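Single-structure report; data block below.
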Amino acid sequence: MKKRLLYILIIIPIVLFAVTLIKVFVKEPPLSEIDQARRQITEAMKINANLHAQNLFQNAVDYYDSAMAAWQKENEKLIIFRNYDQAREFSELSLKLANRAIVTTNNRILGIEEMLRTWIPVLEKKVQNFDKRFGNLPLSSEDREELAKSKLLLNEGILAYSQANYYLCKSKLESLETLITVLSKKYENKLVKYFEQYELWQSWIDQTISSSKKHKTFCIIVDKYNRKCILYKNGRRIHDFKIELGVNWIGDKNQQGDKSTPEGLYKIVSKKTNGATRYYKAFLIDYPNEEDKKRFLLNKKNGVIKQDAEIGNLIEIHGNGGKGIDWTDGCIALTNFDMDILYSVCTEGTKVTIVGSVKPLHELFSYKQ
Amino acid sequence: MKNKFSLGFLTLVLTALLLASCSKVPQAEIDAANAAIEEAKTAGADIYVHEDYIALQDSLNAVMANIEAQKSKFIKNYSTLKDQLSGITAYAQEVKQKTETRKAELKTEIENTIAEVKTLVETNRQLILEAPKGKEGTSALVAIKDELNAVETSINEANSMLESGEYLTALDKAKAAKEKANSINAELTEVIAKYKANVKGKKS
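Keeping their order, the protein sequence lines are chains A and B. Using the working numbering, read the first sequence as starting at 15 and increasing by one per residue. Using the working numbering, read the second sequence as starting at 7 and increasing by one per residue.
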């Protein structure tokens, strides 16, 4: 019994000594630091820091892996020789970087969200402006498809934005901007070229209005770009009517069947009603006049038009309009209601001046914005 | 007496060593969990069930840190961690299943949307054929045809995305195309109604 007691009394101090030794020499593993870093990396992943703050996030992950590797390496050593300082240092760096990745991501999300929030209406406006400025122009089939594509991109971009998929939204908007910019530039150039005639148009307008004032008569100015038929009385503008033209309205009329409306100084040569016209009521104008005939022959001579081409005729201002699109073969269509008004005041001989626009291009673009 | 003391001391040392080394790292369970997570990722869990995938990855990382923590101890015990790893493996399989389900749902939604758009395009093309054939009709309908072509191109792109497994972008594309096809349908119906009304008043 005594021996057993002695036995226990010897063993207990040995065990206690061993435990104390372990406590003193064995260092605390970096579990809490590793845990903190891991939690922050997970938080960063939740907000897609791997996309928004790619480098910071990747560095945080790399340091985390290094911390784990360093810890593993130390665990391979004898327990009393382990040192977790490096693992701890790496996990602290990982934590810091993950924190920075979170802050950066939040800032970037806010930034890109704000940028897209302001960019979307700008592009919407750009697409709308295209429709306003160039929607009336005879767009080629390819360009119409491109325009439809740009509207689809806008829809896709808005959809991506609503799902907080900002990078996808940004890429859609970038494609849209490129597309709409190219299209706008192309048709802007076309209009700029068309408006090179503006001074000539202005001189015709001045001449027509002066004559109306001088002779106290009615006159009509047709503004092709703005789709307006403007009625003047004694040189004073009294009424604007909406009009529709042919699909190929831009530019002067070159030949029969080109669906273009002629530009120049004309007059009403005949008033038609009661079955004399297919389009409710109509004014036949004196197209082609001498100027038109000369230009037609010159164009033929210069090869601008084919030798067998014929000059057009039967250009009218008529009713049956109000369809909201360009559909005539080169005539000017008004609603029957408007035609009645015009018909009641205009007579044979009333001057009709057809121009590309009554306003210069810069003025049109600025007020349409 | 001396022999008994030595025997006792040796027993104590051996017991301590046994306790310190008998517990082995659950490598098989770690490998199984990693493989299951990899399978879930291959299925697209990181894309289609993002939050679940993150939670999965985080759980594994936490267990791996705890395994190292056990390794750092003099007396190791992996039994709880073994259970956790088995739980992760099961969760990974569940996440994989969830991914497959989500993908199937998306696929159905995309296919349905594409089918709806195709029907709309077809309906619109039919409406164009039925529309009045006068010069008025032609000029307006030509423009609409071009827009329909753009929608068709877009839907073909969505189909290609669907085939290559890009479900999320395919769905967005199909949805945008559907919206456009619907607006074209409305525009077309309006244009035709307008023409029909005008044709009545038109003299030939």
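We put the beta carbon where it would ideally sit given N, CA and C, even for glycine. Small disclaimer: the values here were computed from a predicted structure and weren't measured.
Which parts of the stretch 53-101 of chain A are runs of the alpha helix (DSSP H), unbroken and 4 residues or longer, counting only runs that do not cross its ends? Whole alpha helix (DSSP H) segments, 4+ residues: 63-66, 68-89.
Between which two residues does the beta strand (DSSP E) carrying residue 233/A extend? On the first sequence, position 219 is the one that residue 233/A refers to. It spans 232-237 - the beta strand (DSSP E) in which residue 233/A sits, taken as one unbroken run.
Taking 8 Å as the CB-CB limit, is residue 43/A close to chain B? Stepping through the first sequence from its first residue, residue 43/A is reached at position 29. Output row for residue 43/A: interface = yes.
Candidates 109/A, 259/A, 223/A, 342/A: which alpha carbon is nearest residue 240/A's? Here residue 240/A corresponds to residue number 226 of the first sequence, with the count starting at 1. Of 109/A, 259/A, 223/A, 342/A, the residue nearest in Cα terms is 259/A.
Neighbour-count burial assignment, residue 164/A, 16 or more Cβ in a 10 Å radius: By 1-based counting over the first sequence, the position of residue 164/A is 150. Label assigned to residue 164/A: buried.
Within its chain, find whatever has a CB closer than 6 Å to the CB of residue 298/A; leave out the 5 residues flanking it on each side and keep chain order. The count along the first sequence starts at 1 and reaches residue 298/A at position 284. Closer than 6 Å at Cβ, skipping near neighbours: 283, 284, 330.
Positions along the stretch 151-171 of chain B whose CB lies within less than 9 Å of some CB in chain A: 151, 152, 153, 154, 155, 156, 157, 159, 160
Name, please, each residue of chain A whose Cβ falls closer than 9 Å to the Cβ of residue 64/B. Position 58 of the second sequence, counted from the first residue, corresponds to residue 64/B. The answer, in chain order, is 52, 53, 55, 56, 59.
Between residue 284/A and chain B, is any beta-carbon pair separated by less than 8 Å? For this step, residue 284/A is matched to residue 270 along the first sequence. Not one chain B Cβ lies under 8 Å of residue 284/A.
Counting only the same chain and skipping the five closest in sequence on each side, list residues whose C-beta sits under 6 Å from that of residue 255/A. Residue mapping note: residue 255/A aligns to position 241 of the first sequence, counting from 1. The residues are 243, 348, 352.
Residue from 143/A, 35/A, 59/A with nearest C-alpha to residue 94/A: Translated into the one-based positions of the first sequence, residue 94/A becomes position 80. Considering only alpha carbons, the answer is 35/A.
Extent of the continuous alpha helix (DSSP H) to which residue 34/A belongs: Counted from its first residue, the first sequence places residue 34/A at position 20. Residues 16-39.
So, for residue 71/B: in the same chain, excluding its five sequence neighbours on each side, which residues have a beta-carbon less than 6 Å away from its beta-carbon? Position 65 of the second sequence, counted from the first residue, corresponds to residue 71/B. Same-chain partners within the cutoff: there are none.
Could you tell me the distance, in whole angstroms, from the CA atom of residue 237/A to the CA atom of residue 205/A? Counting from one through the first sequence, the residue named residue 237/A turns up at place 223. Counting from one through the first sequence, the residue named residue 205/A turns up at place 191. Rounded to whole angstroms, residue 237/A to residue 205/A spans 14 Å at the Cα level.
Which residue's Cα is closest to the Cα of residue 156/B: 55/B, 190/B, 169/B? Taking the second sequence and counting its residues from 1, one reaches residue 156/B at position 150. When each option's Cα is compared against that of residue 156/B, the closest is 190/B.
Looking only at its chain, what residues have a beta carbon closer than 7 Å to the beta carbon of residue 252/A, apart from the 5 residues adjacent to it on each side? Your numbering for residue 252/A matches position 238 in the first sequence. Excluding sequence neighbours, residue 252/A sits near 245, 246.
For residue 330/A, list the residues DSSP reports as bridge partners. As a working mapping, residue 330/A is identified with position 316 in the first sequence. Note: residue 330/A sits in a beta bridge opposite 298/A.
Among residues of its own chain, excluding the 5 on either side of residue 296/A, which ones have a beta-carbon nearer than 6 Å to its beta-carbon? Taking the first sequence and counting its residues from 1, one reaches residue 296/A at position 282. For residue 296/A, where only same-chain residues beyond five positions count, the Cβ hits under 6 Å are 286, 330, 332.
What residues from the stretch 175-204 of chain B come within 8 Å of chain A, judged by C-beta to C-beta, listed N to C? 175, 178, 179, 181, 182, 183, 185, 186, 197, 200, 201, 204
Using a Cβ-Cβ distance cut-off of 8 Å, determine whether residue 74/B contacts chain A. Reading the second sequence from its first residue, position 68 is the one you call residue 74/B. Yes, contact with chain A.
Once DSSP output is grouped into helix, strand and coil, what is the label at residue 116/A? As a working note, residue 116/A is residue 102 in the first sequence. Helix at residue 116/A.
Exposed or buried, residue 291/A, counting other C-beta atoms within 10 Å across all chains shown (16 or more means buried)? Locating residue 291/A in the first sequence gives position 277, where the first residue counts as 1. Classification for residue 291/A: buried.
Please return the same chain residues whose Cβ sits closer than 8 Å to the Cβ of residue 106/A, not counting the five positions on each side in sequence. Mapped onto the first sequence, residue 106/A falls at position 92. Counting only Cβ-Cβ distances below 8 Å, and skipping sequence neighbours, we find 47, 51.
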